[in-house]
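If you read the sequences in order, they're chains S and D.
Using the working numbering, you'd call the opening residue of the first sequence number 1 and step up by one each time.
Using the working numbering, you'd call the opening residue of the second sequence number 1001 and step up by one each time.
Every residue gets a Cβ at the ideal spot worked out from N, C-alpha and C, and that includes glycine.
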Amino acid sequence: MRPNSIEAEGLAKQFRKGPRAVDGIDLHVSPGEIYGFLGPNGAGKSTTVHMLTTLLPPTAGTGRVAGYDIVREGARVRAAIGAALQEAALDPLLTGRDHLRLQMALHGIPRRERSERADELLVRVGLTGAADRKVGGYSGGMKRRLDLALALVHRPRILFLDEPTTGLDPQSRAALWDEVGRLASDGVTVFLTTQYLEEADVLADRVGIIDHGRIVAEGTPAALKGEIGRPTVEVVPADPDQRGAVADVLARFGEPSQASPDGVAVRIDGEAELAPIVRALDAEDLHVAQLQLHAPTLDDVFLAKTGRSLEGAEEPEAVAAE
Amino acid sequence: MTLQIWSIARRQIVRTLRQPAAVFFPVAFPLALMAVNAGGLTPATRLPGFPTDSFYAFALAVPFIQGSLFATMNAGTDLARDIQEGFFNRLQLTPLNPAALLLGLLGGVVAMGLVQAVIYLGVGLAIGVEFHAGALGVVVLLALATLILIGFGAIGATMALRTGSGEAVQGLFPALFVFLFISSMNMPRDLIPIDWFRIAATANPISYLLEGVRSLIITGWDGQALALGFGVAAAVTAAALVAATRSLRTRMERT
């Protein structure tokens, strides 16, 4: 059996009348891994997914999914993968069960198995009660869960999820994260695009950060955050006149960093411990209104690699399928 | 592939039946228009050379063509919406054979169109229209209606696949309606007194479709009208299927 891995070398997509949406990316996603593909809108995430799922032919580079070439063996790739694309494209006039029946028939699942498999998937995504209702009446979360069930009908070994939780409430998001985690524990390789830092941080074994069609950083969330470094401590003095004195004390612990308008911050050297800082402030009789330790986030990684914050870093130009 | 064709056709039928407007208007509007036309144009049957003394019998062919246009536009709009909203990508990610997509879509159009055709026939019988070609003529009429539905369905699918826009497909509807009105819809071609209208109606393929259907109702077995009706329908269908297949190949970019 071929490995359920995803590989790409120099994968690129240049649209005829548009930008170079994906600009030569290399990927290696191991079997059973959850790979988070993180980037702002328009960065090239969806175009990459469309190429890897064979919906768009690349203009350069190569890709293999489940051991099959994405250009020459498209049908085999499609048989091995499941995909829930960015838009949970469902027919509002069909019921959840109608969708599952259609999807299974198109995948050639034998009639005798269809009903049982539909029930099993409906239970798995928590839609048993709504199975015979028209999808037009589903909430966003229900549509996403049905979308996931549809991607799983033929028991794929690799799953592509393109921004699966965009627009969902926190409860629906958490439920979907649980399900993705269960799938990965069953050995399914998951390629997940997201613009949510928290999602990549919580779910992904490894994260690739894409910007302007290029991967600017890749690694485990911990390694990426560790790479850019040290935490910052921010102190807001109770008396604004004491900002200078607070800054003098904090300077003993690290170099100045960007802070809120009322605060003083330093990127601390050595261990991320607050106790010595608190003791030093107390020794100088400085009263503190707020004291916070900021651990590095993936947004800090994005900022460090691109000079911009991920939040609000949307591309100005519209990129096809993004 | 049979299962794929059936599944796509079934979806088309189910979603049409779940939209009351998509069922009601294609049936009711052509019949209402026929009633209005018959109300105003019945005196035309007294013209020398008019082929029947019942305008309803003469006009009953029109709902078959008009109903086909409605069924086609609905199917084309549905396909365009699938493209716009991403459902087409969902289908592309399955092992769906492109031919099965087209055949399934057309199968759905034909199924709904034939139901309409049976209703038109029933209404015709109920208002006293006599079918001169008899029971076999009804079968031939349904066969011609099927061919017309496939042809028009393929035109709607081509528009949907080329533009990916429901609005563009709906924009085609008035254009096809103009073709219907500039035809022998309300008057035999040789009795149309205005030269340009008669010439346009003679050049208009819709006239031959109408006359093929009409001949079975008011004449019986008219070989020339049937040959022209089936010939034009077959030519339109063949050309539309080629265009739809090409458009599908372009639209389905998958590797």
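- Going by beta carbons, V288 of chain S and V235 of chain S fall inside the 8 Å limit.
- Straight-line measurement puts the Cα of V1062 of chain D at about 15 Å from the Cα of A1233 of chain D.
- Identification of chain S residues near N1089 of chain D by a Cβ-Cβ cut-off of 7 Å yields L55, L85 and A89, ordered along the chain.
- When C-beta distances to chain S are compared with 8 Å, the residues of the stretch 1093–1123 of chain D below that value are L1093, T1094, P1095 and L1096, in chain order.
- Scanning the stretch 1038–1115 of chain D from its first residue to its last, the whole alpha helix (DSSP H) runs of 4-plus residues come out as 1055–1059, 1061–1085 and 1087–1092.
- With its beta carbon less than 8 Å from one in chain D, I70 of chain S belongs to the interface.
- The criterion of a C-beta distance shorter than 8 Å is not satisfied by I1065 of chain D and I1192 of chain D.
- Excluding sequence positions up to five before and after A238 of chain S, its CB lies within less than 7 Å of the CB of H287, V288 and A289, all in the same chain and listed in chain order.
- Straight across, the Cα-Cα distance linking G1049 of chain D with A1022 of chain D is about 39 Å.
- The three-state reading of DSSP puts Y196 of chain S in coil, since its state is none of H, G, I, E or B.
- Ranked by how close their Cα comes to the Cα of V301 of chain S, the residues S:T128, S:A259, S:V266 and S:L197 have S:L197 in first place.
- For T1245 of chain D, the enclosing alpha helix (DSSP H) begins and ends at G1223 to R1251.
- Secondary structure of D262 of chain S (DSSP, three-state): coil.
- CA-to-CA, the gap between Q1092 of chain D and R1198 of chain D works out to about 47 Å.
- The criterion of a C-beta distance shorter than 8 Å is not satisfied by A66 of chain S and A84 of chain S.
- Residues of chain D with a Cβ closer than 8 Å to the Cβ of H107 of chain S are, in chain order, T1094 and P1095.
- For the stretch 1011–1043 of chain D, residues whose beta-carbon sits nearer than 8 Å to a beta-carbon of chain S comprise R1011, V1014, R1015, R1018 and Q1019.
- Taking 8 Å as the CB threshold, Q1170 of chain D stays off the interface with chain S.
- From the listed residues D:Q1116, D:R1214 and D:I1155, the smallest Cα separation to R1246 of chain D is found for D:I1155.
- For S1007 of chain D, the residues of chain S that pass the 7 Å Cβ criterion are L102, A105 and L106, in the order they occur in the chain.
- For the C-beta of G74 of chain S, the chain D residues within less than 8 Å are, from N- to C-terminus, R1254 and T1255.
- Within chain S, the residues whose beta carbon sits less than 9 Å from that of L1003 of chain D are A105, L106, G108 and R111, listed in sequence order.
- Note on geometry: alpha-carbon atoms of A1071 of chain D and L1209 of chain D lie some 16 Å from one another.
- E179 of chain S is not a Cβ neighbour of V216 of chain S, given a cutoff of 8 Å.
- The criterion of a C-beta distance shorter than 8 Å is not satisfied by G213 of chain S and G61 of chain S.
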